[in-house]
Amino acid sequence: MKRLPLLVLMLSALVGQAAEEARRGMVAAVHHLASEAGVEIMRRGGNAVDAAVVTGLVLGVVDSHNSGLGGGCFLLLRLPSGEIVALDGRETAPAAATADMFLRNGKAVPELSRTGALAVAVPGQAAVFHEAVTRHGKLPWKVHCEMAAQIAEDGFRVPRAYAARIAAVAQDLAKFPSSRAIFLRADGTPLQEGEIHRQPELAKTLRALGAGGPDWFYRGPFAQAAAKWMRENGGLLTEADFAAYAFKRRTPLETTYHGRRIVGMPPPSSGGVHVAQILNILEAKGPARPEDSPHVVAEAMKLAFADRAHWLGDPAFTKVPRGLADKEYARMLAPKIDLAKATPVKGHGTPPRADEHVFEKHTTHFSAADAAGNWVACTSTINTSYGSKVVVPGMGVVLNNEMDDFAAEAGAPNAFGLVGAEANLPAPGKRPLSSMSPTLVFEGERPVLAIGAAGGPTIISQTLLALLHILDEGDTPAQALARPRFHQQWSPDELRVEKSMPSALKDDLRRRGHVLKEVDIIGSTQAVGQPVKDGPFVGAHDPRSREGRAAGF
Ligand code: GLY
Numbered sequence: 034m035k036r037l038p039l040l041v042l043m044l045s046a047l048v049g050q051a052a053e054e055a056r057r058g059m060v061a062a063v064h065h066l067a068s069e070a071g072v073e074i075m076r077r078g079g080n081a082v083d084a085a086v087v088t089g090l091v092l093g094v095v096d097s098h099n100s101g102l103g104g105g106c107f108l109l110l111r112l113p114s115g116e117i118v119a120l121d122g123r124e125t126a127p128a129a130a131t132a133d134m135f136l137r138n139g140k141a142v143p144e145l146s147r148t149g150a151l152a153v154a155v156p157g158q159a160a161v162f163h164e165a166v167t168r169h170g171k172l173p174w175k176v177h178c179e180m181a182a183q184i185a186e187d188g189f190r191v192p193r194a195y196a197a198r199i200a201a202v203a204q205d206l207a208k209f210p211s212s213r214a215i216f217l218r219a220d221g222t223p224l225q226e227g228e229i230h231r232q233p234e235l236a237k238t239l240r241a242l243g244a245g246g247p248d249w250f251y252r253g254p255f256a257q258a259a260a261k262w263m264r265e266n267g268g269l270l271t272e273a274d275f276a277a278y279a280f281k282r283r284t285p286l287e288t289t290y291h292g293r294r295i296v297g298m299p300p301p302s303s304g305g306v307h308v309a310q311i312l313n314i315l316e317a318k319g320p321a322r323p324e325d326s327p328h329v330v331a332e333a334m335k336l337a338f339a340d341r342a343h344w345l346g347d348p349a350f351t352k353v354p355r356g357l358a359d360k361e362y363a364r365m366l367a368p369k370i371d372l373a374k375a376t377p378v379k380g381h382g383t384p385p386r387a388d389e390h391v392f393e394k395h396t397t398h399f400s401a402a403d404a405a406g407n408w409v410a411c412t413s414t415i416n417t418s419y420g421s422k423v424v425v426p427g428m429g430v431v432l433n434n435e436m437d438d439f440a441a442e443a444g445a446p447n448a449f450g451l452v453g454a455e456a457n458l459p460a461p462g463k464r465p466l467s468s469m470s471p472t473l474v475f476e477g478e479r480p481v482l483a484i485g486a487a488g489g490p491t492i493i494s495q496t497l498l499a500l501l502h503i504l505d506e507g508d509t510p511a512q513a514l515a516r517p518r519f520h521q522q523w524s525p526d527e528l529r530v531e532k533s534m535p536s537a538l539k540d541d542l543r544r545r546g547h548v549l550k551e552v553d554i555i556g557s558t559q560a561v562g563q564p565v566k567d568g569p570f571v572g573a574h575d576p577r578s579r580e581g582r583a584a585g586f
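Read in this note's numbering, the sequence shown has 242 at position 209, and its numbers run on one by one without any break.
In structure tokens, the structure reads:
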């Protein structure tokens, strides 16, 4: 049997040890190698920012169907000074993008925005991770890259979920020789559970990025290799698009919920706006009896997603009303919820001062915190499984298909069934709308929770439900993440519920007029909290992610 190298063995040995409580630092992620790398870098003197970044880089190696250097992220960071930093590493459309680029004969062709050259937007993860580490971390950038490179070079044992995701998209991966060489065997069959997966090209890329920093990625060999592939394969991305990429520092979006401060990402995330909006509607509606609660929450989700479809987009290109997250608007919407029955929502609402009071305009989530007072909530993505399915030749990096998060045309559903309007049509340099919702919660000035989720639009619902369980019902993060979930995104007008939801509750929702769609699982949420001042950190990974781990020290 092939032997696994020391770092992987050392990290794997910790799997199964209960480490959900720890005093000095905590990381929660969907793969144990990633969260253990986060703990390891804190042991070497790093802080929670170093931990979050190395966790994210390792996820790009061991969980590459969900996130990686070929994708983007939103990173929300609370510094020991109390300052909150919101880093937007969302991808940008190429300069040659047009509003009709995914239409053929006047109709949207979904395949174009999901697989291959046109699906790809300029990745932002490398820029944000580098900024986070060099400004707010303690250890040199190359240390993080080297830790991830070592795992890519030495390999890891393929988990069941990873093998299943390769198998599910094997036909598309096979279209691209550089992807086929990495994720399929020589005979064309997908990698199998239990095999050791080594990625020497990705290791080389990580080391080059560690040495050369963002210039190597955006203005050097990576950009050149990606642009060459695009030229030869009908893509639009150019070296100039890479060179023009800039992450953004945003002003975090804040609301309160029953006295706690809830801080999230502003647009182009729709997560911060709509988590805040739904919490505000629920607060305005007043306390619900436990038997009414899922119905009321589902109705609030429906109202919010109807607004999302109309208003939300990159704030640099479209007016996104700040009023969506206002208490005043929530008080207008709350009476629309009928306790007895599900109410059809024909379209979006209009918040106060919608025109003048505006914002400037498959995925993974990980959280980290340390005793110095650094807290990180980061959600990162290449969009659907293995993104565009394109690996840049020689680089080992899977490129995103984030262009599918634009609306191909007004009203055309994307891979998640989400519809959008003019606000979210493609345009040169524009950021596609996202549901990623990294969230920090404060009691007064004290951070108490870093949370977020993966799973397209259900990210918003998952984050919201976990917040309600923790803040309203007193759940621990682990209890909250284990509860059955539901999701209502307005269009299609159906209530997605996990099969594990009690039958009596499902029957009750049907009686109130909800059309239920039962699914095995909804998404994956990770959380780190510190419920008691100066007490231990508690971490939880989603029990639906079998390889996940919350690790502390
Ligand atoms: N790619 C999923 C999202 O950003 O919402």
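Where is the CB? At the ideal position from N, CA and C, for every residue including glycine. These numbers were taken from a predicted model, which means no experiment stands behind them.
- [ ] With DSSP as the reference, label T289 as helix, strand or coil.
- [x] To locate residue 289, count along the sequence shown from 1; it is residue 256. T289 falls in the strand class under three-state DSSP.
Open item on the list: Using a 10 Å radius around the Cβ and a threshold of 16 neighbouring Cβ atoms, would you call A129 buried or exposed?
Closed with: Against the sequence shown, residue 129 aligns to sequence position 96. Exposed: under 16 other Cβ atoms inside 10 Å.
Task: Residues near S421 in its chain [Cβ-Cβ closer than 7 Å; skip 5 each side] - done: Start at 1 with the first residue of the sequence shown, and residue 421 comes out as number 388. Closer than 7 Å at the Cβ level, and outside the excluded window around S421, lie T148, G149, A152, V153, L432, N433, N434.
Open item on the list: Whether or not the region 105 to 114 and the region 289 to 307 are in contact is what I'm after, with contact meaning three or more pairs of Cβ atoms, one per stretch, closer than 8 Å; do they touch?
Closed with: Two segments are said to touch when three or more pairs of C-beta atoms, one from each, lie closer than 8 Å; by this definition the region 289 to 307 touches the region 105 to 114.
- [ ] Measure the CB-CB distance between D347 and N457 and report whether it falls below 9 Å.
- [x] As a position in the sequence shown, residue 347 is number 314, starting the count at 1. As a position in the sequence shown, residue 457 is number 424, starting the count at 1. Yes. Within cutoff.
Open item on the list: Give the list of continuous alpha helix (DSSP H) stretches no shorter than 4 residues that lie fully inside the region 210 to 292.
Closed with: Contiguous alpha helix (DSSP H) elements confined to the region 210 to 292 occur at 210 to 216, 233 to 251, 254 to 265, 272 to 277, taking only those with 4 or more residues.
TODO: Could you have a look at V548 and say whether DSSP puts it in helix, strand or coil?
DONE: For the purposes of this step, residue 548 is identified with residue 515 of the sequence shown, where counting begins at 1. Reduced to three states, the DSSP call for V548 is coil.
TODO: In the DSSP assignment, find the alpha helix (DSSP H) that holds W344 and state where it starts and stops.
DONE: Counting from 1 along the sequence shown, the entry for residue 344 is found at position 311. Per DSSP, the unbroken alpha helix (DSSP H) holding W344 starts and ends at 326 to 344.
Open item on the list: Suppose you measure from the CA of A119 to the CA of P535; what does that come to, to the nearest Å?
Closed with: Start at 1 with the first residue of the sequence shown, and residue 119 comes out as number 86. Start at 1 with the first residue of the sequence shown, and residue 535 comes out as number 502. A straight-line Cα-Cα distance of about 38 Å links A119 and P535.
TODO: Have a look at K335 and H328 and give me their C-alpha separation to the nearest angstrom.
DONE: Residue 335 sits at position 302 when you count from the first residue of the sequence shown. Residue 328 sits at position 295 when you count from the first residue of the sequence shown. Just so you know, the alpha carbons of K335 and H328 end up roughly 11 Å apart.
- [ ] Answer with buried or exposed for E580, where buried requires no fewer than 16 other C-beta atoms within 10 angstroms of its C-beta.
- [x] By 1-based counting over the sequence shown, the position of residue 580 is 547. Label assigned to E580: buried.
Open item on the list: Could you check if I492 belongs to the surroundings of ligand 1, using beta carbon to heavy atom distance under 8 Å?
Closed with: Within the sequence shown, the letter at position 459 stands for residue 492. Checking the Cβ of I492 against ligand 1 gives yes.
Open item on the list: Output needed for Y362: all residues of its chain with C-beta closer than 7 Å, excluding positions within five of it in sequence on either side, in chain order.
Closed with: Locating residue 362 in the sequence shown gives position 329, counting from the first residue. Excluding sequence positions up to five before and after Y362, its CB lies within less than 7 Å of the CB of G356, P384, P385, all in the same chain and listed in chain order.
Task: Neighbour-count burial assignment, P320, 16 or more Cβ in a 10 Å radius - done: Taking the first residue of the sequence shown as 1, we reach residue 320 at position 287. By the 10 Å Cβ count, P320 comes out exposed.
Task: Through-space distance from D540 to K394, alpha-carbon basis - done: The sequence position of residue 394 within the sequence shown is 361, counting from 1. The sequence position of residue 540 within the sequence shown is 507, counting from 1. At K394, the pLDDT of 43 sits below 50, so the modelled position is not reliable; the number obtained from the coordinates is stated separately. Straight-line spacing of the CA atoms in K394 and D540 works out to 42 Å.
Open item on the list: With a threshold of 7 Å on Cβ separation, who are the neighbours of E442 within its own chain once the five nearest residues in sequence on each side are excluded?
Closed with: Within the sequence shown, numbered from 1, the residue matching residue 442 stands at position 409. Hits under 7 Å: L136, A141.
- [ ] Using the DSSP secondary-structure output, state which residues sit across from K140 in a beta bridge.
- [x] As a working mapping, residue 140 is identified with position 107 in the sequence shown. Residue pairing of K140 in beta bridges, as defined by DSSP: R137.
Open item on the list: Does the structure place the region 307 to 327 close enough to the region 264 to 281 that three or more beta carbon pairs sit under 8 Å?
Closed with: No: fewer than three Cβ pairs fall under 8 Å.
TODO: Look up Q158 in the DSSP assignment and say whether it is helix, strand or coil.
DONE: Position 125 of the sequence shown holds residue 158. Collapsing the DSSP output to three states places Q158 in a helix.
Open item on the list: Does the distance between the C-beta of D121 and the nearest non-hydrogen atom of ligand 1 fall short of 8 Å?
Closed with: On the sequence shown, position 88 is the one that residue 121 refers to. Answer for D121: no, Cβ out of range of ligand 1.
TODO: Taking all protein chains shown into account, decide if L66 is buried (16 or more other Cβ within 10 angstroms of its Cβ) or exposed.
DONE: As a position in the sequence shown, residue 66 is number 33, starting the count at 1. So L66 ends up on the buried side.
Open item on the list: Any heavy atom of ligand 1 closer than 8 Å to the beta-carbon of H395?
Closed with: Position 362 of the sequence shown holds residue 395. Yes, ligand 1 has a heavy atom inside 8 Å of this Cβ.
Task: Contact test: D340 Cβ vs ligand 1 heavy atom, cutoff 8 Å - done: Taking the sequence shown and counting its residues from 1, the one referred to as residue 340 is at position 307. Remark: the C-beta of D340 is outside contact range of ligand 1, defined as less than 8 Å to any heavy atom.
Open item on the list: Following a CB-centred definition, is T414 positioned closer than 8 Å to any heavy atom of ligand 1?
Closed with: Working through the sequence shown from its first residue, we reach residue 414 at position 381. Yes; taking the cut-off as 8 Å, the Cβ of T414 has a heavy atom of ligand 1 nearer than that.
Task: Cβ-Cβ distance between S418 and H398 below 9 Å - done: Residue numbering aside, residue 418 sits at position 385 when the sequence shown is read from its first letter. Residue numbering aside, residue 398 sits at position 365 when the sequence shown is read from its first letter. H398 is positioned such that its CB atom lies no closer than 9 Å to that of S418.
Open item on the list: Considering Cα atoms alone, identify which of G507, D553, L538 is closest to G546.
Closed with: As a first step, residue 546 must be located in the sequence shown, where it is residue number 513. When only C-alpha atoms are compared, the closest one is L538.
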